[in-house]
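Each number in full-length UniProt numbering corresponds to the 1-based position in the sequence shown with 428 added.
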Amino acid sequence: SPVPVVAIDGPSASGKGTVAARVAESLGYHYLDSGSLYRLVALATIRGGVTDDAAIAAVAETLPAEFVGGKILLSGADVTDAIRSEECAAMASKVAAIPAVRDALLERQRAYRQAPGLVAEGRDMGSVIFPDASSKFFLTASVEARAQRRYKQLMEKGLPANIDSLSQELSERDARDAARSVAPLKKLPDAVLVETSDMTVDEAVRFVAERIA
Ligand code: C5P
């Protein structure tokens, strides 16, 4: 039988990253943070001053990224924190709308499907990358709750943050992710909806864990 996949999709700061990592850990499964790949392409693009779509797709094709011991490396340099900036997030959602970029990252993502199983998190895990996933979830929360969470994360890292501009940026990014023609962000009919606005992380993890097929 195929290696089981738990697909967790949803908008930015919905809590899906934390929840997916915790669920993967509790199951002893591998974990794919697919957004980090788009963020890496974005960072390489910004740093390289690359602007046209074909050149950005070439960056994605040859992305010199490594995941070692919880660190994310780009050309051997630690970019774990650098890819979390709002600038990088905004550029990630732009490069993610280029079909050739998504194609370039397809096999790289599918390669994470290894025994005993995989928890994969992003926007199109259940729709495009792992359409045969054994369990699919759509995690979401109100814009206010998500902006509040992102604000807390940034403050904890000592990074500058402003609630109003975060709300604005989240809304713009979600609109772009939902409106694009390739792999738009949307809840699939076969995905379980998880509304996390009023849930703690523990509650969301339990809610998901109890519904894994
Ligand atoms: O999840 P995260 O906020 O790190 O993703 C950054 C951006 O990467 C998203 O706004 C989205 O545009 C893009 N993305 C995507 N498909 C995925 C994961 C992320 O298009 N599977």
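Glycine included, every Cβ here is placed at the ideal spot set by N, Cα and C.
The model shown is predicted, which means the values in this text are computed figures rather than measured ones.
With a cutoff of 8 Å on beta-carbon distance, Arg551 and Asp437 are scored as near each other. Taking the C-beta atoms as reference points, Arg574 is found nearer than 8 Å to Ala441.
Ala619 is a Cβ neighbour of Phe566, given a cutoff of 8 Å.
Residue pairing by DSSP puts Ala435 in a beta bridge opposite Ala548 and Lys564. Taking each of Glu515, Gly456, Arg577 and Leu598 in turn and checking the Cα distance to Val547, the smallest one comes out for Gly456. DSSP places Asp618 outside any alpha helix (DSSP H), giving it a letter other than H or E. Distances between the C-beta of Asp552 and the heavy atoms of the ligand C5P include at least one below 7 Å.
A distance criterion of 7 Å places the beta-carbon of Ala510 beyond contact range of the ligand C5P, judged by its closest non-hydrogen atom. Under the DSSP assignment, Ala632 falls in the alpha helix (DSSP H) whose first and last residues are Val629 to Ala637. Relative to the ligand C5P, the beta carbon of Ala517 is positioned inside 7 Å of a heavy atom.
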